[in-house]
Amino acid sequence: MEGFFIDVQGTLIDDKNFLPLPGSREFLKYLNSKKTPFVLITNNTKKPSEEFISYLKNLGFEFEYYIDPLMVAGEYIQNKTIAPYGQEKFVKIMKNSFNIDYKNPDAIVLGIKLYDNETISGIIEKLLNGSELIGMHRTSLYSYNSKRYPGLGAILEMLKYATDTDYVTVGKPSREFFDRAKSYLGLNYDKITIISDDLKGDLIPAKQLGMKTVLVLSGKIKSEKEINQKPDFIYKNLKLLLENWRKNGR
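Under the numbering used here, the first residue of the sequence shown is numbered 849, with each subsequent residue one higher.
Written out as structure tokens, the structure is:
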């Protein structure tokens, strides 16, 4: 038996309007019709998990298993005081769930946003004063208003270089996050294929664990010319992937 890890933004829904991409709902229906197990694995931190699950189901996506960083963040934060940074909705979620301290936090917790230099400077000062660094995920690129910016992974690496502070990652592509997703399927990594629009942030780390990798060009990466490392397969979107499967009798 084989199973799938399926990314959400840039793979199932677009990064601008958050609506279904071509063939995405049909792809999940096809997997369900074949009784092929899969998990939606997303780095969503903008909406509470249950709210985002409901949103996806209301769009017509049919799935049973889902995981995002908000579901496991407590395991990393535990009893720490934190200073969360990121988009307003993410910061609000953190403030409603954990002990907040922006003066002398045990840890800085970063979500994605377009950070200005003053905010980065303040984060650097806290890290140099001994705060830990926790990233909610490690995406390579951040798509916003049809433009591409450094992802959270790039920002974390910058802060590590500037302050000599290592960091931990809550969501993709941390081994712990992948292990949690794998537990839903009950399969070894060599029986799992991951589908995503993030080559560096999702697929390359997954390939190192033994997974097969499928890059879709419907999100962060627009062309094969933009990549140096190759996944196992590349498709424009899930619609063409499904058409290929059906053509080959899969």
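Each residue gets a CB set at the ideal place from its N, CA and C atoms; glycine is no exception.
This structure is a prediction, so every number in the text was calculated from the model and none was measured.
query, result
"Here's a check: name, in chain order, each residue in its chain whose Cβ is nearer than 8 Å to the Cβ of ASP925, leaving out the five neighbours to either side.", "The amino acid at residue 925 is misidentified as Asp; the sequence shows Ile. So the qualifying residues of the chain are PHE946, ALA955, VAL957 and ILE982."
"Exposed or buried, which one is GLY1018 when buried takes at least 16 other CB atoms within 10 Å?", "In the sequence as displayed, the identity of residue 1018 is Val instead of Gly. Buried, since its Cβ has 16 or more Cβ neighbours within 10 Å."
"Would you call the segment 922–938 and the segment 865–885 touching, i.e. three or more CB-CB distances under 8 Å?", "no"
"Candidates ASN993, LYS995, MET984 and THR1011: which alpha carbon is nearest GLY1001's?", "MET984"
"If you draw a straight line from the C-alpha of PRO1064 to the C-alpha of THR859, how long is it?", "It is Val, not Pro, that sits at residue 1064 in the sequence shown. Their Cα atoms are separated by approximately 7 Å."
"At which residues does the alpha helix (DSSP H) containing LEU907 begin and terminate?", "Counting along the chain, LEU907 falls outside any alpha helix (DSSP H), and DSSP gives it neither H nor E."
"Which full runs of the alpha helix (DSSP H) of 4+ residues lie inside the segment 861–937, going along the chain?", "872–881, 897–906 and 921–925"
"Three or more C-beta pairs closer than 8 Å, one from the segment 907–924 and one from the segment 963–977: is that the case here?", "no"
"Could you name the residues of the same chain whose beta carbon sits closer than 7 Å to that of LYS877, not counting the 5 residues immediately before and after it, in chain order?", "GLU910"
"Quick check on the DSSP output: what are the complete beta strand (DSSP E) runs of length 3 or more inside the segment 976–1036, in order along the chain?", "980–983, 989–992, 995–998 and 1015–1017"
"Is the Cβ-Cβ distance between PRO1079 and GLY1049 less than 8 Å?", "no"
"Which residue comes first and which comes last in the alpha helix (DSSP H) that contains LYS1095?", "1086–1095"
"With C-beta atoms as the reference, is LYS961 less than 8 Å away from LYS894?", "no"
"Between the segment 985–1005 and the segment 1031–1038, do three or more beta carbon pairs fall short of 8 Å?", "no"
"Just how far apart, CA to CA, sit LEU918 and THR987?", "15 Å"
"On the DSSP bridge assignment, give the partners of LYS847 in chain order.", "Lying outside 849 to 1098, the shown extent of the chain, residue 847 is not represented and no answer is given."
"If you draw a straight line from the alpha carbon of ILE1042 to that of TYR997, how long is it in whole angstroms?", "24 Å"
"What number of angstroms, rounded off, separates the C-alpha of GLU912 from the C-alpha of LEU976?", "43 Å"
"DSSP beta-bridge partners for ALA955?", "ILE930 and GLU980"
"Could you have a look at ILE968 and say whether DSSP puts it in helix, strand or coil?", "helix"
"Ignore the nearest five residues each way along the sequence and tell me which others in ALA1029's own chain have a CB closer than 7 Å to its CB.", "PHE853, VAL887, ILE889 and ILE915"
"Look at the alpha carbon of THR1013 and the alpha carbon of LEU1007, and state the distance between them as a whole number of angstroms.", "7 Å"
"What does DSSP give as the partner residues of ASN947 in its beta bridges?", "THR929"
"Quick check on DSSP: helix, strand or coil for ILE1176?", "Any answer about residue 1176 is impossible in this case: the structure gives the chain only from 849 up to 1098."
"Let's see if you can read the secondary structure: which residues bound the beta strand (DSSP E) around ILE854?", "851–854"
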